[in-house]
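Asks: Okay, handing you the structure first.
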């Protein structure tokens, strides 16, 4: 999935030799639009905003910013997000951080049922008003993280508060009925969790046997109100129809991963040799295609599956 970027907001400054001139903010229309790979985005351009509007926005914007709430405001981008988040017309969608219901309404148009959570009472009132005539939406005023997940299969969606990303992802991974999660997070978080820099996080590796992690696309910051300091991204977690490892093997897998991520000795090989014989570690690394001097974050999660199988195939001896 690719993004077409435009100029956004620019600052031009000039300085004389004697006196530095003040920087003058210029009005510009952010033209960055989130779109899938191979398909140009032809949606409406975001509204023009001045630098002052972006960084101040009044008391309401400041209150939302204090709660780390930055809402997707572009209708075309919302429609694209809803298509990505709802896999089937009869799906049950649980939405975290529903805000005033703009995304909720788009989800409801495609889903079977939507349960929308909003913790801010003022926004929750606007959410209920917007969704009052939608028969397949249930609005809940309260903390999403305190909610019990549905007992059956469901899909998580949300233009979530950036500050709560780790807790919301943890909630999702712990929910037995979660089929998928499609969340708008900070771009940096999504990249780190999906190997965007050729490096893989411990959380991704630990959950890889059961969940695939994908970055669905970049969401330019100019599409949010209030405008955050960083770009967003669509992060996708999808439960595998069949885990890559049987349940009986998960204990060994998690212990190996945790050992590797201790970082002892500086390399993955050195860390694993704290517990396993060197010959076995070397053979397992070779089977997985991992260089002997590789750092733990360099190993792809698929390589971890092969590595752990080779390490735990027989009882180890010193």
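Numbering (this note's numbering), first residue to last: -4 to 313. Don't be surprised by glycine CBs; every beta carbon is placed ideally from N, CA and C.
1) Taking the alpha carbon of residue 221 as the point to measure from, which residue in 111, 157, 277 and 303 has its own alpha carbon closest?
2) If contacts are defined as beta-carbon pairs under 8 Å, then residue 332 and residue 122 qualify, I think. What distance do you get, rounded to the angstrom?
3) At a cut of 8 Å, does the region 86 to 95 reach the region 137 to 152 through at least three beta carbon pairs?
4) Spatial neighbours of residue 186 within its chain, please: CB distance less than 6 Å, with the 5 preceding and 5 following residues excluded, ordered by chain position.
5) With a CB to CB cut of under 8 Å and the five nearest residues on each side skipped, what residues in its chain are close to residue 81?
6) Ordered along the chain, which non-local residues of its own chain (more than five positions away) have a Cβ less than 6 Å from that of residue 108?
7) Going by the beta-carbon positions, is the gap between residue 267 and residue 290 smaller than 8 Å?
8) What would DSSP say about residue 189, mapped onto helix, strand or coil?
9) Report the rounded CA-to-CA distance for residue 51 versus residue 223, giving the unit in angstroms.
10) Return the chain-ordered list of same chain residues with a C-beta closer than 7 Å to the C-beta of residue 255, the five sequence neighbours on each side being excluded.
11) With a cut-off of 8 Å, do at least 3 Cβ pairs link the region 240 to 256 to the region 197 to 206?
12) In whole angstroms, what separates the C-alpha of residue 261 from that of residue 180?
13) When DSSP labels each residue in this structure, what does residue 11 get in the three-state scheme?
14) Taking the continuous beta strand (DSSP E) assigned at residue 181, which residues delimit it?
15) Please state whether DSSP places residue 128 in a helix, a strand or coil.
16) Hey, residue 212 and residue 229: beta-carbon distance below 8 Å or not?
17) Residues bridged to residue 229 by DSSP?
18) Which stretch, first to last residue, makes up the beta strand (DSSP E) that contains residue 152?
19) Given a threshold of 16 other Cβ atoms within 10 Å of its Cβ, counted over all protein chains shown, does residue 225 qualify as buried or as exposed?
20) DSSP state of residue 219, grouped into three classes?
21) Are residue 301 and residue 251 touching if we call contact CB-CB under 8 Å?
22) On a CA-only basis, which of 293, 288 and 298 is nearest residue 282? Give me that one, please.
23) What would DSSP say about residue 207, mapped onto helix, strand or coil?
24) Between the C-alpha atoms of residue 253 and residue 295, what's the straight-line distance to the nearest angstrom?
25) On a CA-only basis, which of 238, 308, 272 and 218 is nearest residue 76? Give me that one, please.
26) Tell me which same chain residues have a C-beta within less than 6 Å of the C-beta of residue 198, skipping the five on either side of it?
27) Strictly by DSSP, which residues pair up with residue 67?
28) Can you list, in chain order, the residues of its chain with a C-beta nearer than 8 Å to that of residue 193? Leave out the 5 residues immediately preceding and following it.
29) Cβ atoms of residue 112 and residue 159: under 8 Å apart, would you say?
30) The beta strand (DSSP E) that contains residue 322, what's its start and end?
Replies: Quick answer:
1) Position 226 of the chain shown, counting from 1, holds the residue named residue 221. Out of 111, 157, 277 and 303, 157 has the C-alpha closest to the C-alpha of residue 221.
2) For the chain, the structure presents residues -4 to 313; residue 332 sits outside this window and is missing.
3) Proximity of the region 86 to 95 to the region 137 to 152 meets the contact definition, three or more beta-carbon pairs being nearer than 8 Å.
4) Position 191 of the chain shown, counted from the start, is the residue given in the question as residue 186. When the five nearest sequence neighbours on each side are left out, no beta carbon in the same chain lies closer than 6 Å to the beta carbon of residue 186.
5) Sequence index remark: in the chain shown, residue 81 carries index 86 (1-based). If the five residues before and after residue 81 are omitted, its C-beta is found closer than 8 Å to the C-beta atoms of 88, 102, 105, 106, 150 and 152, all from its own chain and listed in chain order.
6) As a first step, residue 108 is located in the chain shown; it is residue number 113 there, counting from the start. Excluding sequence neighbours, residue 108 sits near 87 and 131.
7) In the chain shown, the residue the question calls residue 267 occupies position 272. In the chain shown, the residue the question calls residue 290 occupies position 295. In this structure, residue 267 lies away from residue 290, with their beta-carbon atoms at least 8 Å apart.
8) The residue labelled residue 189 in the question sits at position 194 within the chain shown. Taken through DSSP and simplified to helix, strand or coil, residue 189 comes out as coil.
9) Position 56 of the chain shown, counting from 1, holds the residue named residue 51. Position 228 of the chain shown, counting from 1, holds the residue named residue 223. With a pLDDT of only 39 at residue 51, under the threshold of 50, the placement of this residue in the model should not be trusted; the figure read from the coordinates follows. Approximately 11 Å, taken between the alpha carbons.
10) The residue you call residue 255 lines up with position 260 of the chain shown. Within the same chain, residue 255 has close Cβ partners 263, 266, 267 and 291.
11) Taking 8 Å as the limit for Cβ pairs, the verdict is that the region 197 to 206 does touch the region 240 to 256.
12) Indexing the chain shown from 1 puts residue 261 at position 266. Indexing the chain shown from 1 puts residue 180 at position 185. Those two C-alpha atoms are separated by around 31 Å.
13) On the chain shown, position 16 is the one that residue 11 refers to. Caution applies to residue 11, whose pLDDT of 36 falls short of 50 and renders its modelled position unreliable; the value that the coordinates give is listed next. In the three-state reduction of the DSSP assignment, residue 11 falls in the coil class.
14) Stepping through the chain shown from its first residue, residue 181 is reached at position 186. Its beta strand (DSSP E) spans residues 173 to 181.
15) Within the chain shown, residue 128 is the residue found at index 133, counting from 1. Reduced to three states, the DSSP call for residue 128 is coil.
16) Counted from its first residue, the chain shown places residue 212 at position 217. Counted from its first residue, the chain shown places residue 229 at position 234. For residue 212 and residue 229, yes; Cβs fall inside 8 Å.
17) The residue you call residue 229 lines up with position 234 of the chain shown. Under the DSSP definition of a beta bridge, residue 229 partners with 179 and 212.
18) As a first step, residue 152 must be located in the chain shown, where it is residue number 157. If you look at residue 152, you'll find it in the beta strand (DSSP E) that goes 149 to 154.
19) Start at 1 with the first residue of the chain shown, and residue 225 comes out as number 230. Burial state of residue 225 is exposed, judged by a 10 Å Cβ sphere holding fewer than 16 other Cβ atoms.
20) Position 224 of the chain shown, counted from the start, is the residue given in the question as residue 219. It is a strand residue.
21) Position 306 of the chain shown, counting from 1, holds the residue named residue 301. Position 256 of the chain shown, counting from 1, holds the residue named residue 251. No, these two residues do not count as a Cβ contact at 8 Å.
22) What you label residue 282 is simply residue 287 of the chain shown in a count that begins at 1. Checked all of 293, 288 and 298; the closest Cα to residue 282 is 298.
23) Within the chain shown, the letter at position 212 stands for residue 207. Strand at residue 207.
24) In the chain shown, the residue the question calls residue 253 occupies position 258. In the chain shown, the residue the question calls residue 295 occupies position 300. Looking at the backbone, the Cα of residue 253 and that of residue 295 are separated by about 15 Å.
25) Locating residue 76 in the chain shown gives position 81, where the first residue counts as 1. Of 238, 308, 272 and 218, the residue nearest in Cα terms is 218.
26) The sequence position of residue 198 within the chain shown is 203, counting from 1. Sequence-distant Cβ neighbours of residue 198 in its own chain, meaning closer than 6 Å and more than five residues away, do not exist here.
27) For the purposes of this step, residue 67 is identified with residue 72 of the chain shown, where counting begins at 1. Residue pairing by DSSP places residue 67 opposite 219 in a beta bridge.
28) Position 198 of the chain shown holds residue 193. 293, listed in sequence order.
29) Walking along the chain shown from the start, residue 159 turns up at place 164. Walking along the chain shown from the start, residue 112 turns up at place 117. Against a cut-off of 8 Å, the Cβ pair of residue 112 and residue 159 comes out as no contact.
30) One cannot answer for residue 322 here, as it falls past the ends of the chain, which runs -4 to 313.
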